[in-house]
Each structure stands twice: as structure tokens, then as C-alpha cells.
Amino acid sequence: MTPEEIKVKNWLNRAFYADKKIKTLDMLLKASLMHAEGLTRVQQYNYTGKSDTRLNGTQDAFLKLADIEHKYNIQKQELIKIYDEVSEAISGLHDDELEAILIHRYLMFHTTEQTAELMHYSTRTIKYKHKKAIQKLCTLLPCFAL
Numbered sequence: 002m003t004p005e006e007i008k009v010k011n012w013l014n015r016a017f018y019a020d021k022k023i024k025t026l027d028m029l030l031k032a033s034l035m036h037a038e039g040l041t042r043v044q045q046y047n048y049t050g051k052s053d054t055r056l057n058g059t060q061d062a063f064l065k066l067a068d069i070e071h072k073y074n075i076q077k078q079e080l081i082k083i084y085d086e087v088s089e090a091i092s093g094l095h096d097d098e099l100e101a102i103l104i105h106r107y108l109m110f111h112t113t114e115q116t117a118e119l120m121h122y123s124t125r126t127i128k129y130k131h132k133k134a135i136q137k138l139c140t141l142l143p144c145f146a147l
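Taking our numbering, the leading residue of the sequence shown gets 2, the next gets one more, and so forth.
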């Protein structure tokens with residue numbers, strides 16, 4: 002594999018890693034929301050009126066939740082941008098079969114085996130066509146500024 006082909010594959014894989022990051026932030030967001038809501042419920046039923054530390058803890062939890070939500074929204078916008086860039090590059094191949102393979106691999110994040118099964122090809126055929134698509138993208142992607 003040439004250095005250009007490696008760059009193209011890394012460029013295409015950006016959507017995969019952005020998707021992983023947003024899924025992780027989503028889990029963190031849900032956990033933080035449960036934590037903040039849990040503190041709110043505890044505060045409602047156990048408030049003795051003696052200390053404001055519970056209020057500070059709840060406030061801190063909601064501030065943390067807001068921060069995570071902000072990061073999540075930024076990452077979501079980044080994922081959409083990357084997805085659009087990769088999708089545009091793939092559609093530039095003007096070969097339905099090669100486009101379908103790259104869509105399965107880099108936008109739907111299927112393995113080679115899953116792609117082969119879904120497209121009713123052998124794994125070997127998918128690997129060959131994938132390599133052909135990457136080589137073709139090497140000539141097209143300089144205009145996408147790797």
C-alpha cells in the first residue's frame with residue numbers, strides 16, 4: 002500500500018472515529034444527566050435546611066452536564082461535516098459498485114465480511130474492489146485537501 006493510499010484510508014476513517022467519540026460523549030451525557038437528576042431527587046427529600054453543600058453539588062452536576070452537552074453538540078456538528086466530506090468524495094468515484102463498498106466501509110462502518118455478505122460478494126472480491134476504489138480516490142482526493 003502506497004503512502005497516498007494510507008492517507009486516503011486515514012482520511013476516510015475520520016468518520017468512524019468521530020462516530021465513536023460522539024457515542025462515548027452520548028453515554029457520558031446520559032450518565033451525567035442521571036447523576037444530576039439523582040442529586041436533585043435526594044435534595045428534594047433529604048433537605049434539612051442546615052447546609053448549602055447539597056445545592057452546590059447539584060449545581061456543579063448540572064454545570065458539568067451543560068459542559069458535556071456543549072461538547073456533544075460540537076462533536077455532532079463535526080461528525081456531520083466529516084460525514085458530508087467523505088460522502089462527497091465517495092460520490093466522486095462515479096462507479097456505483099465502488100461507491101457502495103466505500104459507503105458500507107466508511108459511512109456505515111461495516112467490516113469487510115459484513116460488506117461482502119450484504120453485497121453478495123466474496124470477501125476477496127470486496128478486498129479487491131476496495132483497493133481499486135482507494136486507488137481511484139487517490140487521484141480524486143487532492144481536490145479534497147487531505
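Quick reminder that beta carbons are idealized off the backbone N, C-alpha and C, glycines included.
Mind checking whether residue i and residue j have CB atoms under 8 Å apart?
| i | j | result |
| --- | --- | --- |
| G93 | L34 | no |
| T113 | K128 | yes |
| V1 | L108 | Residue 1 is absent from the structure shown; the chain starts at 2 and stops at 147. |
Exposed or buried, what is residue i when buried is set at 16 or more other beta-carbons lying within 10 Å of its beta-carbon?
| i | result |
| --- | --- |
| T59 | buried |
| K130 | buried |
| I7 | exposed |
| A32 | exposed |
| N16 | Going by the sequence as given, residue 16 is Ala instead of Asn. So A16 counts as buried. |
| A67 | exposed |
CA-CA distance, residue i and residue j?
| i | j | result |
| --- | --- | --- |
| L138 | T25 | 30 Å |
| H95 | L64 | 48 Å |
| R106 | A62 | 39 Å |
| D97 | Q76 | 30 Å |
| K22 | W12 | 16 Å |
| G39 | K82 | 35 Å |
| H71 | R125 | 43 Å |
| H121 | N57 | 58 Å |
| A90 | A37 | 42 Å |
| E5 | Q136 | 9 Å |
| K10 | Y84 | 14 Å |
| T54 | M28 | Its pLDDT being 49, under 50, T54 is placed unreliably by the model, and the measurement read from it follows with that caveat. Spanning the two alpha carbons is a distance of roughly 27 Å. |
In three-state terms, what does DSSP make of residue i?
| i | result |
| --- | --- |
| S88 | helix |
| Y18 | helix |
| T54 | Below a pLDDT of 50, predicted positions are generally treated as unreliable, and T54, at 49, falls in that range; no measurement from the model is reported. |
| S68 | Per the sequence shown, the amino acid found at residue 68 is Asp instead of Ser. Three-state result, D68: helix. |
| Y73 | helix |
Which residues in the same chain have their Cβ closer than 8 Å to the Cβ of residue i, if we skip the five residues on either side of it in sequence?
| i | result |
| --- | --- |
| S123 | A117 |
| E79 | A19 |
| Q45 | The predicted position of Q45 is uncertain, since its pLDDT is 49 and thus under 50; a value taken from the coordinates is nonetheless stated next. Excluding positions up to five away in sequence, the list is empty. |
| N14 | Y107 |
Suppose the cutoff is 7 Å on Cβ atoms and the five residues either side in sequence are ignored; what does the same chain contact list for residue i look like?
| i | result |
| --- | --- |
| A134 | L94, L99, I102 and L103 |
| M2 | none |
Between residue i and the rest of its own chain, which residues show a CB-CB distance below 6 Å, the 5 nearest in sequence each way excluded?
| i | result |
| --- | --- |
| Y73 | L26 and L30 |
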